[in-house]
Amino acid sequence: MRTGIIVILLCSLLGCGGMKDWIHPDVDKTFTGQTFTAQQLQQDLDYLVATMSRGHPAFEQYVDSEQFSAQVERLSAQLKDNMTRKQAFAVLGQLTPYFNDGHSILFPLLAEFTYAEEAGIQTFPFGVNVRDGKIRLARAYQRRGDQKTLAAGSEIVSINGHAASEIIARLTPMSHGESPALRESMLSLLFHYWLFAVFDVKGDIQLALKDNSKTTTLTLLNDQHWERAGAGQEDNELTFITPQVAYLRVESFDVDTEQGAYDAFINESFKQIRQQKAQRLIIDIRGNTGGQSDAGAQIIQYLTDKPVPQGSVAIEKLNSDTNGWFGYRGEPGEVIELNVESDGMIEPVAPSLQFKGDVWVVIDRMSYSAAILFAATIQDNQLGKLMGEPTGGNANQTGNLTPFYLPNTRLLMLAPGRYIVRPSGNRAKQPVMPDVNLTDEALADPLTWLKTHSLPPA
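The sequence shown begins at 1 in full-length UniProt numbering and counts up by one.
Structural data, given as structure tokens:
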């Protein structure tokens, strides 16, 4: 079943492991206190522009050259002598949204954040969902000791006196993604990093929350510990809406460090679905920002009776590091296309294990990266139907993140190495579109909505 050709790694941004390895070897605690000349910062900006234009596999398709050039000029005028890394990031980071790509981001002060946590300094401890001008807790959290609980979905009113509207307004112009709505929502992924880098949120943190129209304030003390309420519960879950309708929630495809447990969960889920003789399967990938394409393939193998592709073409722009020994793959700057359809086939499981009923996949604007790949594979191979809202990212996805560093500040830039065209071969610059649109209310809690609403046959 393993495809072995397409690995999309957006969820590595979540700090799931190995993030410290992405700190440049020169950037120790002393280095983070250095200042830089305007000339050095201009060199960094020029290097960033040149490296991205030279290496991004679909730079011309993603970037509006006129807007991009104007933004580079604006940022250049803001570079001054004696700027710190934090000040430099505040300027240079404003180029990120002009790449129009969720896999292209100047990372917000990874080294400084890491060293603060290693020193026992608290950073913002909660996962959030940012959407439509609101910041809400992604889960319920509990304070160790007195068991004080903050409800999932509680709206954050302010952090350290900064209103949620101000936080979103200041951070979105440095965020990553193909569309304004996606860039806003992508703040959810790195929210604790953003707060640290831009608002200096660390140590004791003042928080105002609204739950059921009641606003409360509290101080998150540096020596307190918060954890998810019901710690140990799985992010992925199989439930049955009725005996005939199975509901599979998959929050992430970033399972590289827990591949065995994930595979066992998927295999056991389909075993239960067979035992229950379910006739309809709803797969919920709302908010699933990706991971490894093989994780999606692990599900798809149960939904097909023939080999199916996850992509049609992979596009690379060669550079001196990727053009091979003595340039056998081509010249630096040359764009090559690789036919990945046959190499990337997902093989079906045995006929007795295949699910033969209707399949629906729930998507939203935050279904991204490998989750977009999954949804497009379902749609293009006619394995099921999609419901929800259009994805915030394009159906044809970049992937295979590669880090590089600006030469003077050593700030970390993450950039894609490949561009994957969906299985149908359609190269249109557009999102994955659902077959059935859901209202905001239904999309907020589809499990509850589906208990009282019926869907047409898939």
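From the three backbone atoms N, C-alpha and C, an ideal C-beta is built for every residue, glycine too.
All values reported here derive from a predicted model rather than from experimental measurement.
Closest by CA to residue i, which one among the options?
i, options, result
"glycine 93", "Leu109, Lys80, Asp81, Asn82", "Leu109"
"histidine 56", "Thr439, Met413, Phe270, Lys451", "Met413"
"valine 432", "Lys451, Gly399, Leu411, Met387", "Met387"
"isoleucine 283", "Ile346, Phe107, Phe355", "Phe355"
"alanine 140", "Gly133, Trp194, Trp226", "Trp226"
"glutamate 117", "Asp294, Asn381, Val201, Arg280", "Val201"
"aspartate 132", "His162, Ala152, Gly392", "Gly392"
"isoleucine 299", "Pro173, Gly102, Phe270, Phe89", "Phe270"
"leucine 450", "Arg144, Asp343, Gln224, Tyr247", "Tyr247"
"alanine 197", "Leu281, Ala444, Leu411, Leu447", "Leu411"
"residue 512", "Ala90, Ser312, Ala370, Ala375", "Outside the displayed span of the chain (1 to 458) sits residue 512, for which this structure offers no information."
"glycine 296", "Asp256, Ala370, Gln224, Val349", "Ala370"
"leucine 318", "Val72, Glu347, Arg54", "Arg54"
"threonine 257", "Gln279, Arg228, Arg274, Gln292", "Gln292"
"glutamate 389", "Pro446, Pro348, Ile420", "Pro446"
"alanine 208", "Pro457, Leu150, Ser252, Asp28", "Leu150"
"residue 502", "Thr96, Pro456, Ala458", "Outside the shown range of the chain (1 to 458) lies residue 502, about which nothing can therefore be said."
"glutamine 430", "Tyr262, Leu106, Tyr62, Pro25", "Tyr62"
"glycine 33", "Arg85, Ala152, Tyr262, Ile159", "Arg85"
Counting C-beta neighbours from all protein chains within 10 Å, is the total for residue i 16 or more, i.e. buried, or is it exposed?
i, result
"histidine 453", "exposed"
"alanine 415", "buried"
"serine 165", "exposed"
"arginine 286", "buried"
"aspartate 254", "buried"
"glutamate 184", "buried"
"phenylalanine 240", "exposed"
"serine 367", "buried"
"threonine 30", "exposed"
"residue 534", "What is shown of the chain runs 1 to 458, which leaves residue 534 out entirely."
"leucine 353", "exposed"
"asparagine 267", "exposed"
"alanine 58", "buried"
"asparagine 381", "buried"
"asparagine 212", "exposed"
"asparagine 82", "exposed"
"residue 469", "A query on residue 469 cannot be resolved here, the shown segment of the chain reaching from 1 to 458 and no further."
"proline 434", "buried"
"aspartate 44", "buried"
"alanine 88", "buried"
Cα separation between residue i and residue j?
i, j, result
"glutamate 112", "arginine 418", "30 Å"
"lysine 134", "glutamate 334", "43 Å"
"alanine 264", "leucine 383", "22 Å"
"proline 180", "glycine 357", "37 Å"
"threonine 289", "serine 69", "29 Å"
"tyrosine 98", "isoleucine 315", "21 Å"
"glycine 102", "valine 128", "18 Å"
"threonine 51", "proline 173", "21 Å"
"glutamine 310", "alanine 350", "20 Å"
"lysine 210", "valine 130", "15 Å"
"glutamine 276", "glutamate 60", "50 Å"
"glutamine 272", "valine 245", "12 Å"
"lysine 148", "serine 424", "51 Å"
"glutamate 66", "asparagine 426", "26 Å"
"aspartate 204", "arginine 144", "16 Å"
"valine 49", "isoleucine 167", "27 Å"
"proline 407", "tyrosine 47", "8 Å"
"leucine 303", "aspartate 343", "19 Å"
"alanine 138", "glutamine 224", "20 Å"
"threonine 398", "aspartate 294", "16 Å"
"glycine 232", "alanine 375", "At glycine 232 the pLDDT is 44, less than 50, meaning the model places this residue with poor confidence; the figure from the coordinates comes in the next sentence. Roughly 28 Å between the two C-alpha positions."
"asparagine 222", "isoleucine 121", "7 Å"
"isoleucine 378", "lysine 385", "7 Å"
"lysine 214", "isoleucine 156", "12 Å"
"isoleucine 372", "asparagine 394", "8 Å"
"glutamate 178", "proline 457", "32 Å"
"threonine 114", "phenylalanine 107", "12 Å"
"phenylalanine 124", "aspartate 146", "20 Å"
"alanine 229", "glutamine 279", "34 Å"
"glutamate 347", "aspartate 305", "8 Å"
"serine 154", "arginine 136", "5 Å"
"tryptophan 22", "glutamine 39", "25 Å"
Measure from the C-beta of residue i to each C-beta in chain B and report whether the shortest distance is under 7 Å.
i, result
"glutamine 67", "The chain inventory of the structure shown lacks chain B, comprising one protein chain alone."
* **Secondary structure, beta strand (DSSP E): runs of 3+ residues fully inside the region 255 to 285** => 280 to 284
* To do: Ignoring anything shorter than 4 residues or poking outside the region 347 to 414, list the alpha helix (DSSP H) runs there in chain order.
  => 370 to 380
* Asked: Are there three or more Cβ pairs, one per stretch, closer than 8 Å when the region 392 to 409 is compared with the region 216 to 231?
  -> no
* Would you call the region 335 to 348 and the region 361 to 374 touching, i.e. three or more CB-CB distances under 8 Å? -> no
* **Segments of 4+ residues assigned as alpha helix (DSSP H) that fall wholly inside the region 146 to 233** => 164 to 171, 180 to 186, 191 to 199
* **Stretch pair the region 234 to 242 + the region 183 to 196: three plus CB contacts closer than 8 Å** => no
* To do: Give a yes or no on contact between the region 436 to 444 and the region 74 to 81, applying the rule of three or more CB pairs nearer than 8 Å.
  => no
* To do: Run through the region 69 to 102 for me and flag every whole alpha helix (DSSP H) of 4 or more residues, listed as ranges in chain order.
  => 85 to 92
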